[in-house]
Amino acid sequence: MRRLVSVDPEQRAESRVDAGAERREQARLWHITLSVAGEEAPLKEVRRALEQLAHDHPFLLNSRYANDHAEIRYWEEARDLHDAAAVALRLWGEHRNSAQLPPWEIVGLEVIGRETYHQRVAEGYGPPPAASMGVHPF
């Protein structure tokens with residue numbers, strides 16, 4: 005026969021708080037730059053699709069586009085670089101239908117930690133912080 009052991013409600017609450025804090029500690033911010041390219045598409049359609057992607061994915065910082073390629077920059081929260089890269093690589097395909105994105109393929113991916121991003125900006129390397137958020141032509 006199994007005995008039930010009572011648990012102090014305060015102890016359970018502390019345990020939940022500790023577990024939540026541990027999850028937050030494990031998750032980090034990663035700066036993502038996703039580059040896509042393919043057959044030419046009308047600029048108006050590319051812009052509309054990227055604007056819809058920004059609406060669907062609220063952490064999108066900015067997008068730059070031309071009729072045959074685009075670059076998307078945003079922050080992703082993930083436990084490690086591998087998780088951040090996996091999420092980033094799924095972004096285009098998962099939103100292709102809902103945002104009516106062009107049938108382009110991913111041709112580049114950069115994933116860097118928050119500290120590295122800010123260090124690069126401070127040293128004058130890499131893209132500056134997105135001053136003008138949104139969708140813009142190259």
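Going from the sequence shown to my numbering is simple: count from 1 and add 4.
Built from N, CA and C at the ideal position, the CB exists for glycine as well.
- Taking a contact to require three or more Cβ pairs closer than 8 Å, the stretch 120-127 and the stretch 84-91 do not qualify as touching.
- Ranking Q30, A41, L113 and A53 by CA distance to the CA of V139 puts A53 first.
- Note that the C-beta distance between V91 and A103 is not below 8 Å.
- V40 is the residue among I116, A45 and V40 whose C-alpha sits nearest the C-alpha of G97.
- Counting only runs of 4 or more residues that sit fully inside the stretch 50-104, the alpha helix (DSSP H) segments are 85-99, in chain order.
- If you check the CB distance, V50 and A74 come in under 8 Å.
- Taking 8 Å as the cut-off, the Cβ atoms of L33 and R100 do not count as close.
- With a threshold of 16 other beta carbon atoms within 10 Å, L47 falls short and is exposed.
- Here E44 carries a coil assignment [DSSP, helix/strand/coil].
- In this structure, S67 is the residue among S67, Y78, L105 and Y121 with its C-alpha nearest to the C-alpha of F142.
- With respect to W79, H35 sits close: the two C-beta atoms are nearer than 8 Å.
- In the three-state reduction of the DSSP assignment, E127 falls in the coil class.
- The beta carbon of L64 lies closer than 7 Å to those of L57, A58, I76 and Y78 in the same chain, with the five residues before and after it left out.
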